[in-house]
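To start, the structure itself, in structure tokens.
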Amino acid sequence: MLHLDMDAFFASVEQLTRPTLRGRPVLVGGLGGRGVVAGASYEARVYGARSAMPMHQARRQIGVTAVVLPPRGVVYGLASRRVFDAVRSVVPVVEQLSFDEAFGEPPQLAGASADQVDEFCEELRRVVREKTGLVASVGAGSGKQIAKIASGLAKPDGIRVVRRAEEQELLHGLPVRRLWGIGPVAEEKLHRLGIETIGQLAALTDAEVANILGATIGPALHRLARGIDDRPVTERAEAKQISAESTFAVDLTTLDQLREAIDPIAEHAHRRLLRDGRGARTVTVKLKKSDMSTLTRSATLPYATTEAGALTALARRLLLDPLQIGPIRLLGVGFSGLSDVRQESLFPDLEFSTEAEEAHHTVETTAPPLHDATPWRIGDDVAHRDFGHGWVQGAGHGVVTVRFETRASGPGPARTFPLDTAELTPANPVDSLDWPDYVGALRDHEAEATEQEDDETSAPSLDEVGDLGGR
1 MLHLDMDAFF ASVEQLTRPT LRGRPVLVGG LGGRGVVAGA SYEARVYGAR SAMPMHQARR
61 QIGVTAVVLP PRGVVYGLAS RRVFDAVRSV VPVVEQLSFD EAFGEPPQLA GASADQVDEF
121 CEELRRVVRE KTGLVASVGA GSGKQIAKIA SGLAKPDGIR VVRRAEEQEL LHGLPVRRLW
181 GIGPVAEEKL HRLGIETIGQ LAALTDAEVA NILGATIGPA LHRLARGIDD RPVTERAEAK
241 QISAESTFAV DLTTLDQLRE AIDPIAEHAH RRLLRDGRGA RTVTVKLKKS DMSTLTRSAT
301 LPYATTEAGA LTALARRLLL DPLQIGPIRL LGVGFSGLSD VRQESLFPDL EFSTEAEEAH
361 HTVETTAPPL HDATPWRIGD DVAHRDFGHG WVQGAGHGVV TVRFETRASG PGPARTFPLD
421 TAELTPANPV DSLDWPDYVG ALRDHEAEAT EQEDDETSAP SLDEVGDLGG R
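Numbering (the UniProt record's numbering), first residue to last: 1 to 471.
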């Protein structure tokens, strides 16, 4: 069993398409006061920055050298697609878990020695790097659990093959949280009983584990802790909705409390959306009251997007005042209407009105209005007639500075323009990948599939990389 995990994927794609950033501490995520890190380069991790950390904390730890960029979901989606096209050219069946990781079980490795597995993994990494310019780490073991742990040990830019003879020693010495399926709640339960390692969990009886973790999940986790993992590799069906929710220790009784609580929940759901690779049109807010009854409210955008600002603002708009409906014990945010066609808003940080729509449970809304004062933000993709494709490095004091470069160009020149210049136009972010042959081949393939009315494919649609037009 193999587990392939792309190294610092979001930040690595930024460094790939914007060569000036190679070797620099790059943070990808929300730029606002409540922004969260979606991805950090290894140069940023040296300072302690990591995914899911508040952006202001990561920036403070790194200092003035930090490069902070908004996510470009459309670019990550296409890069992910090409990565796993490359993987499937070597491994026939791939169970893709997210944008940047997947399991594979190559039939040619049946009965192979550890050295042969190592050679295969190196060849797989070479193919991915050659096709995409991106780096993958690969772990191998007898099952999914060991393979995933091994890929973590292989990072960055490495291979780790765990032989059967060393699996128990490796597994049993790890913290119990490293076991797939053990979250913070289960970890706390186990720690209270003095169970710190996977080996200590494995030493329990089935009955003891079932009593601690539940009769359903307990036995399955106990098997994994003992190194028994016979789960097959299967292609995964696409999710129809991506969501996150939280139950509060004390019921929330004011609208201000709900507004404060919804942001981290929406951020959590947004991180899952980014990893899924699609945009969302519909936002749903779930409110479970203290009497256990549930209210849901939805709103639909005219386009699918991955912009955290637009999605979170819409979720906030859907909240209801607990003073009118009663105390709230659970709050959830869901994204649906998932599509590979994503509109990247030029000004994603502008919020919708937070005034609740009380008359209807389903609210149709429109995109946030454009702001006239600052037409560019850091990270925007732009085009210039003479200099080609570039990205905004800075804007303010009446000027905008653009670095003109793509994946294929190497580090490019920077030029400064008046803020209201007509020489710059919004560009398709996908152009920064500079893969015209690959994009063209995908267009041809999808056109042929459409003609044949083949609706069975689960790969991202080429609408994502066609005439999006960037911002």
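Beta carbons are placed, not taken as given, at the ideal position from N, Cα and C, and that holds for glycine.
Assuming residue i and residue j make a contact with CB atoms under 8 Å, what is their CB distance in whole Å?
i, j, result
"T284", "T294", "With a Cβ gap of about 12 Å, T284 and T294 do not count as contacting."
"E101", "H191", "Rounded, the Cβ-Cβ distance is 27 Å, inconsistent with contact."
"A52", "R271", "7 Å"
"L331", "A261", "6 Å"
"V83", "L134", "6 Å"
"V161", "A114", "5 Å"
"residue 476", "I242", "Residue 476 cannot be examined here, being either before or after the span of the chain that is shown, 1 to 471."
"G390", "V400", "Contact doesn't hold; Cβ gap of about 10 Å is too wide."
At a cut-off of 7 Å, is residue i close to the ligand MG when judged by its beta-carbon and the heavy atoms of the ligand?
i, result
"P418", "Annotation note on the ligand MG: not contained in the displayed structure, which lists no ligands."
Go through its chain and collect everything with a Cβ distance to residue i's Cβ below 8 Å, but skip five positions before and after it.
i, result
"K189", "I212, L213"
"I198", "L171, H172, G173, L174, P175, V176, R178, L179, A225"
"L164", "Here residue 164 is Arg; the residue named in the question, Leu, does not match the sequence. Here the set comprises S142."
With burial defined as no fewer than 16 other Cβ atoms inside 10 Å of the residue's Cβ, what is the status of residue i: buried or exposed?
i, result
"M6", "buried"
"T180", "Note that residue 180 is Trp in the sequence shown here, rather than Thr. Exposed, because fewer than 16 other Cβ atoms sit within 10 Å of the Cβ of W180."
"Q145", "buried"
"G111", "exposed"
"G33", "exposed"
"H371", "Note that H371 has pLDDT 40, beneath the 50 cutoff, so the model's placement of it is unreliable and the number below is only indicative. H371 should be labelled exposed."
"D263", "buried"
"I195", "buried"
"T205", "exposed"
"G398", "exposed"
"I325", "exposed"
"R385", "exposed"
"D431", "buried"
According to DSSP, is residue i part of a helix, a strand, or is it coil?
i, result
"N428", "coil"
"T247", "strand"
"F99", "coil"
"M6", "strand"
"P92", "coil"
"F404", "coil"
"L193", "coil"
"Y303", "strand"
"S151", "helix"
"V162", "coil"
"G337", "coil"
"G309", "helix"
"G440", "helix"
"R223", "helix"
"L201", "helix"
"D454", "In this prediction, D454 scores a pLDDT of 42, lower than 50, which makes its location untrustworthy; no coordinate-derived value is stated."
"Q15", "helix"
"F120", "helix"
"D276", "helix"
Taking C-alpha atoms, which residue in the options lies nearest to residue i?
i, options, result
"T20", "V399, P436, G379", "G379"
"V128", "S142, D85, P106, Q96", "D85"
"D276", "G143, A239, L124", "A239"
"T416", "A408, F404, P426", "F404"
"P411", "A8, G23, A304, R177", "G23"
"L301", "F103, V233, F335", "F335"
"L221", "V176, L255, R259, V233", "V176"
"P156", "P92, F9, L170", "F9"
"V26", "T17, G35, V36, Y42", "Y42"
"V138", "E130, K131, T132, E123", "E123"
"D437", "G279, K131, E307", "K131"
"E167", "I228, P54, F103", "I228"
Going by beta carbon distance, what residues of the same chain come within less than 7 Å of residue i, once the five residues before and after it are set aside?
i, result
"A266", "L311, T312, A315, V333"
"A61", "According to the sequence displayed, residue 61 carries Gln and not Ala. Once the five neighbours on either side are set aside, the close Cβ partners of Q61 are Y47, G48, A49."
"R236", "E95, Q96"
"T425", "V382, A383"
Spatial neighbours of residue i within its chain, please: CB distance less than 6 Å, with the 5 preceding and 5 following residues excluded, ordered by chain position.
i, result
"G218", "V209, A210"
"R72", "P429"
"K288", "T294, R329, L330"
"R231", "K144"
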